[in-house]
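Undergrad: If you read the protein sequences in the order shown, they are chains A and B. Here the first sequence stands for residues 1 to 288, numbered as in my numbering. Here the second sequence stands for residues 1 to 380, numbered as in my numbering. A virtual CB, placed ideally from N, CA and C, is assigned to each residue, including glycine. Just so we're clear, the structure is a prediction, and the values are computed from it rather than from any experiment. Okay, handing you the structure first.
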Amino acid sequence: MSSADRRRPWLLLAPALVTLVVLMILPIGIMTVFSFYQFETAGVEKEVFTTENWREFFTDGFYHMFLWKTARVAAITAILCALLGYPPAYFIAMTGYKHKWLLLLLLIVPFWISFTIRTFSWIHILGEQGVINVLLMKAGIISEPLRMLYTEGAVIMGMIHFLLPYMILNVYVSIEGIDRNLISAARTLGCTAGQAFYEVVLPLSLPGLMAGLLLCFVLAAGSYVTPEILGSTRDALFGNIIFDTIMGQLNWPLGSTLSLVLLVMLGVIAAIYSRYMGLSRVFKGLGA
Amino acid sequence: MKISTTRRLERLTERYMNGGLDRRSFLGLTAAAAATAGIGMRWAPQAMAAVSEVRFDGWGGVVQEAIDKYAFQPYTAKTGIKVTQGTFGDESEIVTKVKTANPGDFQIVHSSGVEYYKRYVDGGFVSEINEANIPNMQYVMEAMIAPFRKMTPKLSCVPYDYGTTGIAYNTKVISEAEAKEKGAKLLIDAKYQGKIGGYGDMVTRVWYGALTTGQNPNDIKDMDAVWAAIRQNRDLVKKYWSSGAELMDLLAKEEIVVTEAWSGRVAALQAQGAPIAYLDPPGSYAWMEDMLILKGSPMQECEELVNFMLAPETAIAVAEGQNYPPSLDPTKVKLTDKIAKMPAFDPTGTMTALTFADPNYWSANLDDWTKQWDRISKGG
């Protein structure tokens, strides 16, 4: 192999590598350096090596509690996304409707509207003067408005609203890739439609479902805007704690430490997934 | 880590002064840094060109609309210099942006007074204004200038307006008599659980925590009692708001019936016909805002703009538009009846009737209390 041949892969990879280094490795590196700086006062840090920020994270139960809470809320969101997302994904994949592209387009339509505006729209639906409460009160079903907004439920609902298309696309790609002859074979061998689904479609679509779960979990765990808008301060997630530390307390060293903690937690989960399922499934779903 | 050219030059000077660098190396490195600054910094071309715009960052909403309409637009019409505007909901947000930006990217900030002024000073973001270029400063109340001058004898800002954070309540639910009787304790009244709002800001929370426990907010003796009161309030609160727009939305939609509130925003709601009343309980939190000129700004143009904003006709129009009294001394400038009726208005020009945060006391506790408040607000 000539030296030109040896260089070619690197040249082709160079734009991606440079982008990765500049936009990901370097910022993470800077955050890592910051996490060992000493916080002096709001907005001012001293460039001396200290492990104080890491010690604070490891010894302070407040951060552990929020890390656990974030994982719990993200897991609930991801599971609900799976339950709500599987049926439409199955329908889109299996439908004989000739304009299937239209159904897929409908999935993408919400992305044309700003995520923040979509999140704010829930205030007018879940609020005390919102659509649900007004309708229920007018119908005489309730006399006092229900408290739905600024709760953990509202946060989870807002995140499902945002993440559901990702789940549907992942599952859809997985089901779409199943050889229809397998389903026909199952039916020919005596399976009911339900049995064919449980014995053939569901197991073969599991990789897509798992990829959707991972994606929804990771995006939900890193969420900041939704809890900020739809939750009370008690419904904050780890992202909000990082925001408070960096933007409110102006404590960049500790904020960097907490950011790295979240990064590591999500990285470990992605690594476990990759070990057993392979990350290529996620990329396949994203590329749908 | 990226460091600014200014910081690099400061470090070189420090090393040279400490004897860590010989004169030849110092001069060489300084020249190299200066050359880099001139050639490489992306803001250099703008700095060298004639200034055609000034950057302003404020609180948005009705306040900034009034400033834009009555100050910036006439200023642009007069001078041809455009005022580019940005907004922020929390001043820490703009401090962070300033910290990460190049000097001069952010120029004038509508800052929330003395407590925050210290953060800019500590961060090394402040400029030194030439007061001779702002002749309209003669109309500004000396009582408002003094706290800033105490921190930096050469000012970086000019006080511009003031107001109070009192209590707003829905008159359909809470009577005036009840509001007056309970005062700050309305915010911890279990009767209104789930209908209470609050400003998600440490200073306001601690201030009202002190008032509800009967303490002087500028000399708190029992901080544990204050944190307990804050927790009590937290457990009753439906939502801590983070911007004037959100405050108005929550009150107008009747999601909340009582909250601390900025007087000007309540006045704007009242003008819209909302059944909202405003009460300044004894010791209500008074604050002043200033126009802060940041380091690296085109000083002449910024000073000219600030001077224009302080001209009595401009400042009065802005004050009436934003519903906050101006920093103009009523003993020197005749203010309008509308301003005289605004909450917190001080006709004496001495500000003695209002309770402002003691900058030294609050600055000393700012970091710890902000951290503690962040925890409590999240259920800690």
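Between the segment 248 to 262 of chain A and chain B, which residues of the former have a C-beta closer than 8 Å to a C-beta of the latter?
TA: The segment 248 to 262 of chain A vs chain B, Cβ under 8 Å: 248, 249, 250, 251.
Undergrad: Could you say if the segment 86 to 99 of chain B and the segment 56 to 66 of chain B meet the contact criterion of at least three C-beta pairs nearer than 8 Å?
TA: With a cut-off of 8 Å, the segment 56 to 66 of chain B and the segment 86 to 99 of chain B count as touching, because enough Cβ pairs lie within range.
Undergrad: Closest Cβ-Cβ distance between residue 232 (chain A) and chain B: below 9 Å?
TA: Along the first sequence, one-based indexing puts residue 232 (chain A) at 232. Closer than 9 Å to some Cβ of chain B, the Cβ of residue 232 (chain A) qualifies, so yes.
Undergrad: If distances are taken between C-alpha atoms only, which option among A:263, A:272, A:247, A:277 comes closest to residue 88 (chain B)?
TA: For the purposes of this step, residue 88 (chain B) is taken as residue 88 along the second sequence, with counting starting at 1. Here the closest residue by C-alpha is A:247.
Undergrad: Which of the three DSSP states is assigned to residue 374 (chain B) in this structure?
TA: For the purposes of this step, residue 374 (chain B) is identified with residue 374 of the second sequence, where counting begins at 1. Three-state DSSP puts residue 374 (chain B) in a helix.
Undergrad: Taking the alpha carbon of residue 42 (chain A) as the point to measure from, which residue in A:276, A:272, A:253, A:263 has its own alpha carbon closest?
TA: Here residue 42 (chain A) corresponds to residue number 42 of the first sequence, with the count starting at 1. Closest by alpha carbon: A:253.
Undergrad: Does the CB of residue 127 (chain A) have a neighbour CB from chain B at under 9 Å?
TA: By one-based count along the first sequence, residue 127 (chain A) stands at place 127. Residue 127 (chain A) counts as touching chain B.
Undergrad: Does DSSP classify residue 219 (chain B) as helix, strand or coil?
TA: Indexing the second sequence from 1 puts residue 219 (chain B) at position 219. DSSP places residue 219 (chain B) in coil when its eight states are reduced to three.
Undergrad: Tell me which residue opens and which closes the beta strand (DSSP E) that residue 298 (chain B) is part of.
TA: Here the question's residue 298 (chain B) lines up with position 298 in the second sequence. Per DSSP, residue 298 (chain B) belongs to no beta strand (DSSP E) and is neither H nor E.
Undergrad: At which residues does the beta strand (DSSP E) containing residue 169 (chain B) begin and terminate?
TA: Along the second sequence, read from residue 1 onward, the residue named residue 169 (chain B) stands at position 169. Its beta strand (DSSP E) spans residues 157 to 170.
Undergrad: Strictly by DSSP, which residues pair up with residue 237 (chain B)?
TA: Looking up residue 237 (chain B) in the second sequence gives position 237. In the DSSP output, where bridge partners are listed per residue, residue 237 (chain B) has B:196.
Undergrad: So, does the CB of residue 62 (chain A) fall closer than 9 Å to a CB anywhere in chain B?
TA: Here residue 62 (chain A) is taken as the residue at index 62 of the first sequence, counted from 1. Yes, because at least one Cβ of chain B sits closer than 9 Å to the Cβ of residue 62 (chain A).
Undergrad: Would a C-beta distance cut-off of 9 Å place residue 265 (chain B) and residue 109 (chain B) closer than the cut-off?
TA: Taking the second sequence and counting its residues from 1, the one referred to as residue 265 (chain B) is at position 265. Taking the second sequence and counting its residues from 1, the one referred to as residue 109 (chain B) is at position 109. No, these two residues do not count as a Cβ contact at 9 Å.
Undergrad: Helix or strand or just coil, what does DSSP make of residue 35 (chain B)?
TA: As a first step, residue 35 (chain B) must be located in the second sequence, where it is residue number 35. Unreliable placement is indicated for residue 35 (chain B), whose pLDDT of 48 sits below 50; the coordinate value is still reported in the next sentence. Helix, per DSSP.
Undergrad: Any contact between the segment 146 to 166 of chain B and the segment 115 to 127 of chain B? By contact I mean 3 or more CB pairs, one from each, below 8 Å.
TA: These segments touch.
Undergrad: Counting only beta-carbon atoms, is residue 57 (chain A) nearer than 9 Å to chain B?
TA: For the purposes of this step, residue 57 (chain A) is taken as residue 57 along the first sequence, with counting starting at 1. No, because no Cβ of chain B sits closer than 9 Å to the Cβ of residue 57 (chain A).
Undergrad: Please confirm whether residue 167 (chain A) and residue 89 (chain A) have their CB atoms less than 9 Å apart.
TA: What you label residue 167 (chain A) is simply residue 167 of the first sequence in a count that begins at 1. What you label residue 89 (chain A) is simply residue 89 of the first sequence in a count that begins at 1. In this structure, residue 89 (chain A) lies closer than 9 Å to residue 167 (chain A) by Cβ.
Undergrad: Buried or exposed, going by whether 16 or more other CB atoms sit within 10 Å of the CB of residue 126 (chain B)?
TA: The count along the second sequence starts at 1 and reaches residue 126 (chain B) at position 126. Buried.
Undergrad: What three-state label does DSSP hand residue 82 (chain B) in the structure shown?
TA: Taking the second sequence and counting its residues from 1, one reaches residue 82 (chain B) at position 82. Here residue 82 (chain B) sits in strand by DSSP.
Undergrad: With a threshold of 9 Å between beta carbons, is residue 240 (chain A) in contact with chain B?
TA: In the first sequence, the residue the question calls residue 240 (chain A) occupies position 240. For residue 240 (chain A), the answer is yes, since a Cβ of chain B falls inside 9 Å of its Cβ.
Undergrad: Quick check: what's the CA-CA separation for residue 207 (chain B) versus residue 150 (chain B)?
TA: Locating residue 207 (chain B) in the second sequence gives position 207, counting from the first residue. Locating residue 150 (chain B) in the second sequence gives position 150, counting from the first residue. Computed Cα separation, rounded: 23 Å.
Undergrad: Name the two residues that bound the continuous alpha helix (DSSP H) containing residue 252 (chain A).
TA: Within the first sequence, numbered from 1, the residue matching residue 252 (chain A) stands at position 252. Residue 252 (chain A) -> alpha helix (DSSP H) spans 252 to 276.
Undergrad: Under 9 Å, Cβ to Cβ, is there at least one residue of chain A near residue 34 (chain B)?
TA: Here residue 34 (chain B) is taken as the residue at index 34 of the second sequence, counted from 1. Unreliable placement is indicated for residue 34 (chain B), whose pLDDT of 49 sits below 50; the coordinate value is still reported in the next sentence. With 9 Å as the cut-off, residue 34 (chain B) does not count as an interface residue toward chain A.
Undergrad: Name, please, each residue of chain B whose Cβ falls closer than 8 Å to the Cβ of residue 275 (chain A).
TA: Here residue 275 (chain A) refers to the residue found at position 275 of the first sequence. None at all; the shortest Cβ gap to chain B is about 34 Å.
Undergrad: In the DSSP assignment, find the beta strand (DSSP E) that holds residue 293 (chain B) and state where it starts and stops.
TA: Counting from 1 along the second sequence, the entry for residue 293 (chain B) is found at position 293. From DSSP, the beta strand (DSSP E) with residue 293 (chain B) extends over 285 to 293.
Undergrad: Closer than 8 Å, Cβ to Cβ, to anything on chain A: give me those residues from the segment 116 to 145 of chain B, in chain order.
TA: Flagged, chain order: 119, 122, 123.
Undergrad: Can you list, in chain order, the residues of its chain whose CB lies under 6 Å from that of residue 381 (chain B), leaving out five sequence neighbours each side?
TA: Summary: the structure shown does not reach residue 381 (chain B), with chain B confined to residues 1 through 380, and so no result is reported for it.
Undergrad: In this structure, does DSSP put residue 47 (chain B) in helix, strand or coil?
TA: Taking the first residue of the second sequence as position 1, residue 47 (chain B) is located at position 47. Low per-residue confidence applies at residue 47 (chain B): pLDDT is 46, beneath 50, and the placement is therefore not dependable, though the value from the model is reported in the following sentence. In the structure shown, residue 47 (chain B) sits in a helix (DSSP, three-state: H, G or I).
Undergrad: I believe residue 226 (chain A) touches residue 119 (chain A) by the beta-carbon criterion, under 8 Å. Please report the beta-carbon distance rounded to the nearest angstrom.
TA: For the purposes of this step, residue 226 (chain A) is taken as residue 226 along the first sequence, with counting starting at 1. For the purposes of this step, residue 119 (chain A) is taken as residue 119 along the first sequence, with counting starting at 1. Yes, they are in contact, since the Cβ atoms of residue 226 (chain A) and residue 119 (chain A) sit about 6 Å apart, within 8 Å.
Undergrad: Nearest to residue 228 (chain A) by alpha carbon, out of A:160, A:155, A:121, A:179?
TA: Counting from one through the first sequence, the residue named residue 228 (chain A) turns up at place 228. The shortest Cα separation from residue 228 (chain A) among A:160, A:155, A:121, A:179 belongs to A:155.
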